[in-house]
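> Chains as they are written, first to last, in numbering that gives the first Met the number 0: chain A, 0 to 384; chain B, 0 to 82; chain C, 0 to 433.
The C-beta atom is built at its ideal place from N, Cα and C for all residues, glycine as well.
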Amino acid sequence: MSSATRHPDVVIVGAGVIGAACAAALSREGLQVTLLDADFPGGGSTGVAMGHIVVLDDSALQLSLTAYSRALWTELSRELPPDCEDEKRGTLWLATNDEELSAARAKGEIHAAQGVVTMLLDDRELAEREPALRRGLAGALFVPDDRVLYPPTATRYLVQQARIRGATVRVSCVVESIAARSVTVREGNGQSSTISTDAVINAAGVDAPLLVPGLPIVPRKGHLVITDRYPGICSSELVELGYLHSAHSTTGASTAFNVQPRATGQILIGSSRELVGRDRSINQPLLRAMLRRALEFLPALAECSALRAWTGFRPATPDNLPLIGRWDAIEGVWIAAGHEGLGVTTALGTAEIITAGILDREPPLPAAPFSPMRRMPEPELAGAP
Amino acid sequence: MSALIEIVVDGRREQVVDGMPLAAALLSLGVTAFRTSTQGEPRAPLCGMGTCFECRLTINGREHQRSCLIPCTAGLVVETAQR
Amino acid sequence: MKTPGVVRCDVVVVGGGPAGIAAGTRAAEAGADVIVIDSAARPGGQIWRHRDRTSLPRLARRWIERSERAGVKWVLEATVIDGSAEQGRVTVTTREGTHLVSAPKTIIATGARELFLPYPGWTLPNAMGVGGAQAMLKGGLGVEGKRVVVAGSGPLLLPVAAAMARSGARIVAFAEQVSSLKLATFGLSLWGQPEKILLAARYGSAVPVRAYHSGVWVERADGDRRVEMVTLTNGTRRWTEPCDLLCCSYGLVPGTELARLLGCAVIDGCVVVDAFQRTTVAGVFSAGETTGVAGDSASIAEGEIAGIVAAGGDSVRVPGELHRRRNQGIRFAARIANTFSPRAELLTLARPDTVVCRCEDVRFGQLDPTWTARQGKLYARVGMGPCQGVVCGPGLAHVLGWPAGSIRPPLFAPLLGEWISDEATVDASPDPAA
Chain A
0 MSSATRHPDV VIVGAGVIGA ACAAALSREG LQVTLLDADF PGGGSTGVAM GHIVVLDDSA
60 LQLSLTAYSR ALWTELSREL PPDCEDEKRG TLWLATNDEE LSAARAKGEI HAAQGVVTML
120 LDDRELAERE PALRRGLAGA LFVPDDRVLY PPTATRYLVQ QARIRGATVR VSCVVESIAA
180 RSVTVREGNG QSSTISTDAV INAAGVDAPL LVPGLPIVPR KGHLVITDRY PGICSSELVE
240 LGYLHSAHST TGASTAFNVQ PRATGQILIG SSRELVGRDR SINQPLLRAM LRRALEFLPA
300 LAECSALRAW TGFRPATPDN LPLIGRWDAI EGVWIAAGHE GLGVTTALGT AEIITAGILD
360 REPPLPAAPF SPMRRMPEPE LAGAP
Chain B
0 MSALIEIVVD GRREQVVDGM PLAAALLSLG VTAFRTSTQG EPRAPLCGMG TCFECRLTIN
60 GREHQRSCLI PCTAGLVVET AQR
Chain C
0 MKTPGVVRCD VVVVGGGPAG IAAGTRAAEA GADVIVIDSA ARPGGQIWRH RDRTSLPRLA
60 RRWIERSERA GVKWVLEATV IDGSAEQGRV TVTTREGTHL VSAPKTIIAT GARELFLPYP
120 GWTLPNAMGV GGAQAMLKGG LGVEGKRVVV AGSGPLLLPV AAAMARSGAR IVAFAEQVSS
180 LKLATFGLSL WGQPEKILLA ARYGSAVPVR AYHSGVWVER ADGDRRVEMV TLTNGTRRWT
240 EPCDLLCCSY GLVPGTELAR LLGCAVIDGC VVVDAFQRTT VAGVFSAGET TGVAGDSASI
300 AEGEIAGIVA AGGDSVRVPG ELHRRRNQGI RFAARIANTF SPRAELLTLA RPDTVVCRCE
360 DVRFGQLDPT WTARQGKLYA RVGMGPCQGV VCGPGLAHVL GWPAGSIRPP LFAPLLGEWI
420 SDEATVDASP DPAA
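Rendered as structure tokens:
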């Protein structure tokens, strides 16, 4: 990888939180990076995401990636500017009954094995910590080191870091195709041009399969609603544990209680999941089901003004793990996509895995299980995207 | 027609005209700080027709209510951002 | 949360101003079952806002009474917060709860609102819109003995100054930003509509000659926690005017949120309609200032057309007189827009520390002019507050050329409990969060 050549060492397609994190990490290592986005940094799925940095343990691999990545965010939090609204809020996994509380306890033990601090709260301790929650909950698992931030400005910060380190950033730049060691873009004047490079990273999220056919990524739509400012209604991110009862392979629509206190005092309310291709419109019945669930857990929300609702697409994979690593089918092409609802959480970890791969260094985590070439279960739903 | 009724503004009893828009009543009482902006500035009605949300107040314990759309009724309890 | 009710009718009219009243009346007279929804306590909208019906102009009284005779059902102190053209319904909140109004035909007559251009001090208490001050005055605001500055632009300035003066206020300055030359041209071109000249003559007397300025605008307002002084300028000279109330806005812009929510095309800020007031969405009509700001006479004509066609179907005959009045209104709207368009100096009044988005306290200096409107939202929170960009959006469209963003439900920030209490939900199984 010679710096004497005029072409960049790495071209990153997509300046969402994943592409931005890759740009920041690779430029830190002295590589000449060009970052391209069809719109602007953080303007895709990143800009409509919740922005939580949470340790999840659906699988051992997910646990190791989320825990590692959260540690990197915690490190970075010292330098994030205030507009990133980064706060250590912690997550409360709510148990509605004793069975779920046992599940919470087991979850805590799994976390502990990975060095992740948790606390099991009984009903009284939970009510003390979050008095606005409905009565009658069995308790919760508290993960105190989880964080919340505002994804578009955090992404913008990562892009600025990359720029300071010499990266070139091109906005409103539509990538037409990715080939071996090259990327073809359409300029503003409609002309196409090709950029040669040593490595191309496809970090285009739900659009990644449009550029590298065969990537097993489908858009999984979600709804979010934000309220006016009501500081104090809740202090931690709240998630229901109920999902432990349901398998991941839901082809139908589903909702789960998940609210987040924002630094502004606003409450962000999720979540829903559905596979409906790229239909951005609001699914009114599903949205209402989601909000009803939120009001069940947090009745005080009924008296809060709702400012707006929106939808976004999570780049989902069949095994619920992201695709991180070399794409052997095309020379010099790497994939950093398919992070589903954990793109913000795992962005920094993803960037380090990619950086180690491109520099041929020892990865910070075993990287093979995240390889985009791994064997996948059959996709849940044909037809999408 | 213009019966006077009593409402409570920041803990004080005030006489206002029944049915008058609360925002107009408060302005007439000399209230200038209806709400405090996110950076601490006093704000007061701008549009008078429910679109600008600058006249938001806590009314009967409910936060962020637009006072220009709410007619005065007896016993209304209002909290403003007045010093 | 009360159990929601579904109310069915043939035509639902959103907005109870001149256009909405005319639309509802004509549709009801044609035999349709009509509901008119308005956020105010009485019919009339902004222009016919009143507390006592006897105080209304005859035209207004006649239409309101005619609507009642025709059997129009009024739903007042109600806000449309959501809707779907496909399902032919709107969600309405009232003090009694949330209702679903289901109708095959929807007429959007949501009127217009004021255009605000940011200047230093415009966020101070007692700096209001011209229409805002008018609404407060009609609501009973006492202004006796107050020193009032009426400034900005448009045909609303004179009537509001006159009403203020009638209520005992002292108009210490009246500043129309349009030059006297341009105003004269506007006046001359109105020979075809002499009543408007008469109106101008009548209102003009309310403003002392010494206080009347054209080609003059507000440069800034100052004061400790409220407006105390206004700085006026004609571009070469500037002077200050102590005052208690500043009324300043730059004309009207169509209120298109509901139309956009229902998917209707909007061009240059106006809802696109054909000669029969049909929008680009089947079953949805729009009438009045949503389609262009043309005054009450044109609004009534548009409303009548919309009501007749909504009730009678596409083959119904519309009196030619209505089309003549409508077209006259369209020409008048174009003249108003042309005459009262803001001068370039008004677009550079904001300083780096001037708040542009009042809900989120975003200052002008935080915005990068190379951004798109969406970048402004995501990076700096412009338009992300309760008003959802209704105030700052049109202003920044002028100042930075940012087009209106996408519209997202709900409208007018209802309580969550109200918003979702309007229908049964799907059965959805719990699933992972994140």
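Could you round the C-beta distance between residue 434 of chain C and residue 77 of chain C to whole angstroms and report it? I think they count as a contact, below 8 Å.
The first residue shown for chain C is 0 and the last is 433, placing residue 434 of chain C beyond what the model contains.
> Tell me the DSSP secondary structure of residue 282 of chain A in three-state form.
coil
> Among C:279, C:273, C:383, which residue has its Cα nearest to the Cα of residue 258 of chain C?
C:279
> According to DSSP, residue 176 of chain A sits in a beta bridge with which residue or residues?
A:183
> Measuring alpha carbon to alpha carbon, tell me which residue in A:282, A:80, A:335, A:29 is nearest residue 210 of chain A.
The alpha carbon of residue 210 of chain A has as its nearest neighbour, out of A:282, A:80, A:335, A:29, the alpha carbon of A:335.
> Is there a Cβ from chain F that is less than 9 Å from the Cβ of residue 253 of chain C?
This model lacks chain F altogether, as its protein chains are A, B and C.
> Which residue wins for smallest C-alpha separation from residue 41 of chain C, given the options C:332, C:164, C:67, C:22?
C:67
> Just mark residue 216 of chain A as buried or exposed, buried being the case when its beta carbon has 16 or more other beta carbons within 10 Å.
buried
> Given a threshold of 16 other Cβ atoms within 10 Å of its Cβ, counted over all protein chains shown, does residue 186 of chain A qualify as buried or as exposed?
Its Cβ having fewer than 16 others within 10 Å, residue 186 of chain A is exposed.
> Which value, in whole angstroms, describes the spacing of the CA atoms of residue 25 of chain B and residue 56 of chain B?
11 Å
> Over what stretch of residues does the alpha helix (DSSP H) that includes residue 17 of chain C continue unbroken?
17-28
> Taking Cβ-Cβ distances shorter than 7 Å, what residues in chain C pair up with residue 38 of chain B?
360
> Contact check, residue 360 of chain C vs residue 38 of chain B under 8 Å by CB: the rounded distance?
4 Å
> Cβ closer than 7 Å: which chain A residues qualify as neighbours of residue 412 of chain C?
227, 304, 305, 306
> Contact defined as beta carbons within less than 8 Å: I believe residue 170 of chain C pairs with residue 147 of chain C. What is the distance between those atoms, to the nearest angstrom?
6 Å
> Looking at the C-beta of residue 33 of chain A, does it have a partner C-beta in chain B at a distance below 9 Å?
Judged by the 9 Å Cβ criterion, residue 33 of chain A is not in contact with chain B.
> Any idea if residue 14 of chain B is buried or exposed, counting beta-carbon neighbours within 10 angstroms, 16 or more meaning buried?
Taking all protein chains shown into account, residue 14 of chain B has fewer than 16 neighbouring C-beta atoms within 10 Å of its C-beta and is therefore exposed.
> I want to see whether chain A comes within less than 9 Å of residue 78 of chain B, judged by CB atoms only; does it?
No, residue 78 of chain B does not count as interfacial toward chain A.
> Touch check for the region 257-269 of chain A and the region 108-126 of chain A: three-plus C-beta pairs under 8 Å?
no
> To the nearest angstrom, how far is it from the Cα of residue 415 of chain C to the Cα of residue 93 of chain C?
14 Å
> The beta strand (DSSP E) with residue 265 of chain A in it runs from where to where?
265-272
> State yes or no: is the C-beta of residue 385 of chain C within less than 9 Å of the C-beta of residue 114 of chain C?
no
> Determine which residues share a DSSP beta bridge with residue 34 of chain B and list them.
B:42
> Quick check on residue 145 of chain A: buried or exposed, where buried means 16 or more other Cβ atoms within 10 Å of its Cβ?
buried
> According to a CB-to-CB cut-off of less than 8 Å, which residues of the region 59-77 of chain B neighbour chain A?
61, 62, 63
> Along chain A, in chain order, which residues have C-beta atoms closer than 8 Å to that of residue 418 of chain C?
290, 305
> Once the 5 residues before and after residue 80 of chain A are set aside, which same chain residues still bring their CB inside 8 Å of it?
152, 156
> Between the alpha carbons of residue 206 of chain C and residue 84 of chain C, how many angstroms are there, rounded?
Straight-line Cα distance between these residues: approximately 47 Å.
> Are the C-beta atoms of residue 147 of chain A and some chain C residue less than 9 Å apart?
no
> So, does the CB of residue 135 of chain C fall closer than 9 Å to a CB anywhere in chain B?
yes
> Of all Cβ atoms in chain C, is any one closer than 9 Å to the Cβ of residue 151 of chain A?
yes
> Can you tell me whether residue 322 of chain C is helix, strand or coil according to DSSP?
helix
> Give every residue of the same chain whose Cβ lies closer than 6 Å to the Cβ of residue 27 of chain C, excluding the five residues on either side of it in the sequence, and list them in chain order.
33, 69, 70, 71
> Sorted by chain position, which residues of the same chain lie with C-beta nearer than 6 Å to residue 185 of chain C's C-beta, five sequence neighbours on each side aside?
These residues qualify, in order along the chain: 338.
> Could you please give me the residues that DSSP links to residue 89 of chain C through a beta bridge?
C:82, C:100
> Give the range of the alpha helix (DSSP H) segment to which residue 170 of chain A is assigned.
Taken as a continuous stretch (DSSP letters only), residue 170 of chain A belongs to no alpha helix (DSSP H), as it is neither H nor E.
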